[in-house]
Amino acid sequence: MQFSKTTISLLFFISVIFLATGFLFLSNTKKDTKKTPHKVDKAKTEKPKEEPKPKLKKSKKYIIQSGDTFEKVAEKLGIEREDMLAMVSSSESVHSLTNLTVGQPLYLLKKADKFIGVEYEINSEHKIITKKSQQNAGFETKKKPIEYRVVTSTIQGTISSSLFKAGKKAGMSDELILDFAEIFAWSVDFAVETKSGDQFKLIYEKRFRNDKQASHGNILAAKVVNQGKHFNAFLFKNKEGEKRYYNKEGESLRRQFLKAPLRYDRISSG
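Residue numbers (the numbering used here): 452 to 721.
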């Protein structure tokens with residue numbers, strides 16, 4: 452069969468249009484594939500937020516009164532007798548809750564409004580926490596240091612009549628004056644050997660708790676000029692881990708005999 456030139460041209464034109472249309476269709480299909488990436492449902496993949504764990508809180512504060520026993524205190528705070536006995540037993544190896552000091556605070560501890568235990572401040576330096584154990588049905592007791600904000604401070608003054616009066620004038624507490632005097636108790640008798648014009652200086656730890664000034668910390672260094680003689684003291688830990696005071700030569704200030712008995716009335720006289 453023979454085709455005319457006109458027919459051949461028409462068939463060729465149709466073929467070109469068909470191929471071009473097919474190419475455009477494939478191109479558009481690829482573009483559409485790129486424009487529609489696979490979407491991930493974030494709501495399904497995100498982990499649910501964990502609720503914050505309840506914190507241990509001090510719910511009540513009780514100041515130990517004269518004649519108080521832990522049994523009486525526990526009853527006042529609503530602690531079950533069975534728990535009270537278990538806490539006493541737990542504290543025996545650390546600091547017995549039967550050994551309470553008048554004036555010291557004891558706190559009732561709760562978590563999510565449930566009774567957990569007690570916190571008792573033994574003194575200004577340490578406390579014990581007796582609380583329900585997570586390992587068993589009993590209680591556990593731990594001794595911990597009381598935390599303070601510490602600032603290093605310097606005080607100096609000149610003695611006119613007594614160390615006590617000069618110390619108070621310089622802003623020292625009674626306890627700080629006595630601790631200062633005790634450092635030099637093997638070298639100077641502040642009751643009878645001080646002269647007008649004698650000088651003193653100390654660098655110590657001023658401590659704060661809950662933004663209120665608390666009892667002082669360590670006296671880090673101290674100096675006394677007594678009748679022209681200079682006495683220095685520096686606080687260091689010895690090999691046994693004990694804090695002791697030493698002079699510039701590295702000799703301990705502690706000797707076999709005190710210069711004079713250290714008593715409040717002797718320091719404050721004059």
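We put the CB at the ideal spot given by N, CA and C, even for glycine.
On a Cα-Cα basis, can you pick out the residue from the options that is closest to residue i?
i	options	result
Asn574	Asp519, Glu598, His681 and Gly692	Glu598
Glu572	Asn587, Lys561 and Leu551	Leu551
Leu627	Ser611, Met535 and Lys652	Lys652
Ser529	Gly568, Arg658 and Lys680	The amino acid occupying residue 529 in the given sequence is Gly; Ser does not appear at that position. Checked all of Gly568, Arg658 and Lys680; the closest Cα to Gly529 is Gly568.
Asn669	Gly589, Val675, Ala563 and Lys657	Lys657
Glu576	Ala684, His667, Tyr697 and Arg706	His667
Lys565	Thr592, Gln650, Ala642 and Lys509	Lys509
Gly608	Ser647, Phe659, Ile580 and Glu522	Ser647
Asn689	Phe659, Ser703 and Ala588	Ser703
Arg600	Lys663, Lys680 and Ile634	Lys663
Tyr655	Phe641, Ala684, Pro596 and Thr645	Ala684
Pro596	Asp640, Phe659, Lys578 and Leu536	Lys578
Lys674	Gln585, Asn661 and Tyr697	Tyr697
Phe659	Glu531, Gln586, Val602 and Pro503	Val602
Near residue i, which residues of its chain fall below 6 angstroms by C-beta distance, leaving aside the five closest residues on each side in sequence?
i	result
Ser547	none
Pro556	Lys512, Ile514 and Glu572
Gln650	Thr609 and Val676
Ile580	Glu570 and Lys593
Lys699	Asn683
Glu531	none
Check this for me: beta carbons of residue i and residue j, under 8 angstroms apart or not?
i	j	result
Leu686	Ala665	no
Ser542	Thr592	yes
Arg706	Arg695	no
Return the Cβ separation of residue i and residue j in integer angstroms, given the expectation that the two are a contact with Cβ distance under 8 angstroms.
i	j	result
Ile606	Ala617	With a Cβ gap of about 10 angstroms, Ile606 and Ala617 do not count as contacting.
Leu560	Leu507	6 angstroms
Pro505	Lys562	5 angstroms
Phe682	Ser638	5 angstroms
Ser517	Val553	5 angstroms
Thr645	Ser613	7 angstroms
Phe590	Thr549	That belief does not hold up - the Cβ atoms of Phe590 and Thr549 are roughly 15 angstroms apart, past 8 angstroms.
Among the residues of its own chain, which have a CB less than 7 angstroms from the CB of residue i, if the five just before and after it don't count?
i	result
Gly701	none
Asp519	Leu551
Ala525	Met535
Lys680	none
Leaving out five residues before and five after residue i in sequence, what residues of the same chain have Cβ atoms less than 8 angstroms from its Cβ?
i	result
Ala588	none
Ser584	Phe590 and Glu591
Gln678	Glu644, Lys646 and Asp649
Val539	Phe521, Ser547, Leu548 and Thr549
Ala537	Gly589 and Phe590
Nearest chain D C-beta to residue i closer than 8 angstroms, yes or no?
i	result
Lys652	Of the chains in the structure shown, none is chain D; there is only one protein chain.
Threshold first: 3 residues or longer. Then list the beta strand (DSSP E) segments lying entirely within the region 600-659, N to C.
600-609
My parser needs the alpha helix (DSSP H) runs of 4 or more residues fully inside the region 504-536; what are they?
521-527
Alpha helix (DSSP H) segments (min. 4 residues) lying fully within the region 534-590
none
Whole alpha helix (DSSP H) elements within the region 673-700, 4-residue minimum:
none
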